[in-house]
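J.: Under the UniProt record's numbering, the residue at position 237 of the first sequence is numbered 237, and the numbers go up by one with no gaps. Got a structure here, written out as structure tokens. Questions coming.
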Amino acid sequence: MLQQQPLSANGASNGRGLAMSGHPGMHSLNSVHQAPQHRSDGGDSGLDGTENGHETRRDIGDILQQIMTITDQSLDEAQAKKHALNCHRMKPALFSVLCEIKEKTGLSMRNAAEEEPQDPQLVRLDNMLLAEGVSGPEKGGGAAAAVSAATSAGGMSPDSSLEHSDYKSKLSQIRTIYHTELEKYEQACTEFTTHVMNLLREQSRTRPVTPREIERMVAIIHRKFSSIQTQLKQSTCEAVMILRSRFLDARRKRRNFSKQATEVLNEYFYSHLSNPYPSEEAKEELAKQCGITVSQVSNWFGNKRIRYKKNIGKFQEEANLYAMKTALGARQGEDSPHTPNSTGTSSSVSLCVPLCLSLALNLYCVFQANGSWQGRSTPPSGSPPHSDLSEQSD
DNA sequence: TTTGATGATTGCCC
DNA sequence: GGGCAATCATCAAA
């Protein structure tokens, strides 16, 4: 068995063709011994035939020694020696011995269909890449998904289109890199497979190599490359996920509402302080006015109610401010149709009454709020607020 | 860098 | 399902 290694390891030679592999097996060393005794052209082989088996064994030892030292020699020298070995009278015998050993060890038969079921992880990766628009046809699938996700999550802010184009371009970059790398791996795989197949065909001149073995080797190569591909797909998925979370995660993209939007919401809140539960219609209206979504309006009112309740003192000033504003707005709304030119002429005295009234009402509402909606007595969202400043002013 | 403000999310209750 | 309360994550001013 030890003798098998060097020969197979020495790979390609320029010997005779594949016909050798069909050499009738079962020759023993005796057949070598009985071979016609003519001097081979490998002059230094020292294989002048002798009668006894001792000599024959020494001959084989010499041959193997030569094979072992081939790699230590220069290329030309090695080629010459290989040629000499290929033409050596004992080569068929050695080859048949190898065939015999191989048949016994069953190496060539051990490769019975090792087909693996498709890796579920790979399937998931493929599906995700397809869904994100990285693999498959480029139709902006991922970007479209991003847009829809962002739209449903938090509405389209003015700079969202800019962000989405950025997202698209980044996704496109990932896509390009992915396809380039994939192509590179496929090309490398093909090249390597061809190379190995050529090598094996070449080797089959000096050792028995069955087509099935070649197939098996190809399958091994493909498996190795497919594991690289899986890694590539994994990395791509990670990159897409990071990109998605960076661009689409609502929390990450939290933006304070515009001053105007906050004003609108606060005005509604403080003018409906006794019942700060806007109906669906009111929410929609507010959302439209503020350029945000209905759910954002709901969030805002939810947060506001809790924070107001937790610290009424802190919000008192704000409440008064909006009460004044509301009153002023109501006053102007009242005045404008009748006295369109009343600019500076509307004295502070004329404003004084409604302002004081508003403040008083506001304080009343706050007081009322302490006892009503604070205590989890949630009114139906559709029910109209009953003591609103706006309504009072109107 | 720290800290308060603020929009969003989550789990629970009714 | 809507709202509350707690919490997270980010923003923005100090």
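We put the beta carbon where it would ideally sit given N, CA and C, even for glycine.
Would you call Asp59 buried or exposed, if buried means 16 or more other Cβ atoms sit within 10 Å of its Cβ?
T.: buried
J.: Take Leu94 as the anchor and find which of Asp119, Leu64, Leu122 has the nearest alpha-carbon.
T.: Leu64
J.: According to DSSP, is Met68 helix, strand or coil?
T.: helix
J.: Is the region 80–89 touching the region 186–199 in the sense that three or more CB pairs, one from each, lie closer than 8 Å?
T.: Verdict: no, contact absent.
J.: Count the other CB atoms, across all protein chains shown, that sit within 10 Å of the CB of Ser135; report buried if there are 16 or more and exposed otherwise.
T.: Buried.
J.: Out of Val240, Tyr322, Glu281, Met68, which one is the CA nearest neighbour of Gln173?
T.: Val240
J.: Just verifying my parser: in three-state terms, what is the DSSP assignment at Asn311?
T.: coil
J.: Identify every run of the alpha helix (DSSP H) within the region 215–242, keeping only runs that are complete inside it and at least 4 residues long; order them along the chain.
T.: none
J.: Between which two residues does the alpha helix (DSSP H) harbouring Phe269 extend?
T.: 259–271
J.: Distance check for Tyr277 and Ala321, CA to CA, integer angstroms please.
T.: Ala is not the amino acid found at residue 321; the sequence shown has Leu there. Their backbone Cα atoms lie some 20 Å apart in a straight line.
J.: Closest to Asn256 by CA distance: which of Ser169, Val297, Arg175 is it?
T.: Val297
J.: Does the count of Cβ pairs from the region 296–312 and the region 263–270 closer than 8 Å reach three?
T.: yes
J.: Can you name the start and end residues of the alpha helix (DSSP H) that Met90 belongs to?
T.: Per DSSP, Met90 belongs to no alpha helix (DSSP H) and is neither H nor E.
J.: Buried or exposed: which applies to Thr343, given that a residue is buried once 16 or more other Cβ atoms fall within 10 Å of its Cβ?
T.: Unreliable positioning characterises Thr343 in this predicted model, as indicated by a pLDDT of 33, which lies under 50. A coordinate reading is not provided.
J.: Would you mind sorting Ile292 into buried or exposed? The rule is 16 or more other CB atoms within 10 Å of its CB.
T.: Classification of Ile292: buried, given that the 10 Å Cβ count is 16 or more.
J.: Taking 7 Å as the cut-off, is the CB of Leu182 close to at least one heavy atom of the ligand NAD?
T.: Absent from the structure shown: the ligand NAD. Ligands present: none.
J.: Which of the three DSSP states, helix, strand or coil, is assigned to Ala143?
T.: Because the pLDDT at Ala143 is just 47, under 50, the model does not fix this residue reliably, and the value given afterwards should be weighed accordingly. Ala143 falls in the helix class under three-state DSSP.
J.: Among the candidates Tyr185, Lys283, Pro92, Gln73, whose CA atom is the shortest distance from the CA of Pro208?
T.: Pro92
J.: Out of Gly329, Lys304, Ser227, point me to the one whose CA is closest to Leu125's CA.
T.: Checked all of Gly329, Lys304, Ser227; the closest Cα to Leu125 is Ser227.
J.: For Ala327 versus Tyr270, is the C-beta distance shorter than 8 Å?
T.: no
J.: Following the continuous alpha helix (DSSP H) through Pro120, name the residue where it begins and the one where it ends.
T.: Pro120 -> alpha helix (DSSP H) spans 120–131.
J.: Buried or exposed for Leu75, please, with buried defined as at least 16 other CB atoms from any protein chain shown within 10 angstroms of its CB.
T.: exposed
J.: Work out the CA separation of Phe301 and Glu284 for me, nearest whole Å.
T.: 13 Å
J.: Using 8 Å for Cβ pairs, my map puts Met128 next to Cys290. What's the rounded Cβ distance?
T.: So it is not a contact: roughly 36 Å between Cβ atoms.
J.: Roughly how many angstroms lie between the CA atoms of Leu171 and Glu181, to the nearest whole one?
T.: 15 Å
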